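Participant: One structure follows; several queries about it will come next.
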Amino acid sequence: MTNIQETAKADIQEKIQEEVEQARTVCDINGSNSPECAAAWDAVEELQAEASHQRQSKPKNSFEQYCDDNPDAIECRVYDD
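Just so you know, we're using full-length UniProt numbering here: the sequence shown kicks off at 1 and counts up by one.
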């Protein structure tokens, strides 16, 4: 895992914690059955889904990274049938 991936995972985990705290605060103020409370927890769920998606993503190998950086390279050409 690269440092960038580790940083991104740490950032999203930090953001999730912030959203959880905010959701708890919103629910304490507006009540647990309020639309604001539901929206706050929806935001938490969306971040958790993104974190899960990032964990499942396979990191690109060096050839894939090369082709991303050099899409016109001969090695990276893709021919349609």
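The C-beta atom is built at its ideal place from N, Cα and C for all residues, glycine as well. Please read these numbers as outputs of a predicted model, since none were measured by experiment.
In angstroms with no decimal places, state the Cα-to-Cα distance between E45 and K15.
Facilitator: Each residue's alpha carbon lies about 12 Å from the other.
Participant: Just verifying my parser: in three-state terms, what is the DSSP assignment at R55?
Facilitator: Helix.
Participant: Go to D80, then tell me how far its alpha helix (DSSP H) extends in each direction, as first and last residue.
Facilitator: Element bounds for D80: n/a, residue is neither H nor E.
Participant: Nearest by alpha-carbon distance to Q22: which of N61, K60 and C37 is it?
Facilitator: Measuring from the Cα of Q22, the nearest candidate turns out to be C37.
Participant: Along the chain, where does the alpha helix (DSSP H) that runs through D68 open and close?
Facilitator: First-last of the alpha helix (DSSP H) with D68: S62 to D69.
Participant: Leaving out the 5 sequence neighbours to the left and right, which residues in its chain are closer than 7 Å to V78 when beta-carbon positions are compared?
Facilitator: Excluding residues within five positions, none has a Cβ falling inside 7 Å.
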